[in-house]
Structures are given as structure tokens and as C-alpha cells.
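S.K.: Encoded as C-alpha cells, here's the structure I'll be asking about.
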Amino acid sequence: ELAEVGTAITRTFRFADYYRTLAFVNALAWIAHREDHHPDLGVHYDRVVVRYSTHDVGGLSENDFICAAKAAQLYDQGA
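Add 913 to the 1-based position in the sequence shown for the working numbering, that's all there is to it.
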């Protein structure tokens, strides 16, 4: 479900309610801090749109793929 759109990797993660949505966002914040690579987030009641891109290179970097994979793993583990 990772959709590569030009110069970014974007995925929408869906949740049952706002509490679970925000729990995922907080876990993503921890990953972003540890990796020193921060996604753009669109936070809604039952979903989060996560977009990874590296402004310094004007597109995708290895960090984008690493962080996108970690976000997917977090979601798959039921965050």
C-alpha cells in the first residue's frame, strides 16, 4: 500500500477511532525523532496520511524508504 507519487512516498493508515489514530501518530513521532527524519502528516478522526520526502535532495532518499517501512511495520503490529 505504499504509493510512490513522484518525489514522495505516501500511505493512508486507517483506524477504528480517534484515540487509536493519535496513538499511531505519537508512535510515529518517536520513530521520526529516533531516525531524525520527519514525515508530513495529515491527521483525521479515523486515518493518518503519512508522506515521506527529503527536501535536501528534492525527492526520495534511503531514509524515506527506511522510515516508511518502519511506519508500515508499526501499523502491521497493531499500533
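Glycine is no exception: its CB is placed at the ideal position from the N, C-alpha and C atoms.
Since T967 sits in a beta bridge, which residues does DSSP pair it with?
M.R.: Answer is G972, bridged to T967.
S.K.: With D953 as the anchor, note down where its beta strand (DSSP E) starts and where it stops.
M.R.: Counting along the chain, the beta strand (DSSP E) containing D953 begins and ends at D953 to V956.
S.K.: Leaving out the 5 sequence neighbours to the left and right, which residues in its chain are closer than 8 Å to R935 when beta-carbon positions are compared?
M.R.: It should be noted that the sequence gives Leu, not Arg, for residue 935. Answer for L935: V956, listed in chain order.
S.K.: In chain order, what residues of the same chain lie with their CB nearer than 7 Å to the CB of D989, ignoring the 5 residues before and after it?
M.R.: Nothing listed; no residue qualifies.
S.K.: What's the C-alpha gap between K983 and I944?
M.R.: Cα to Cα, the separation comes out at about 8 Å.
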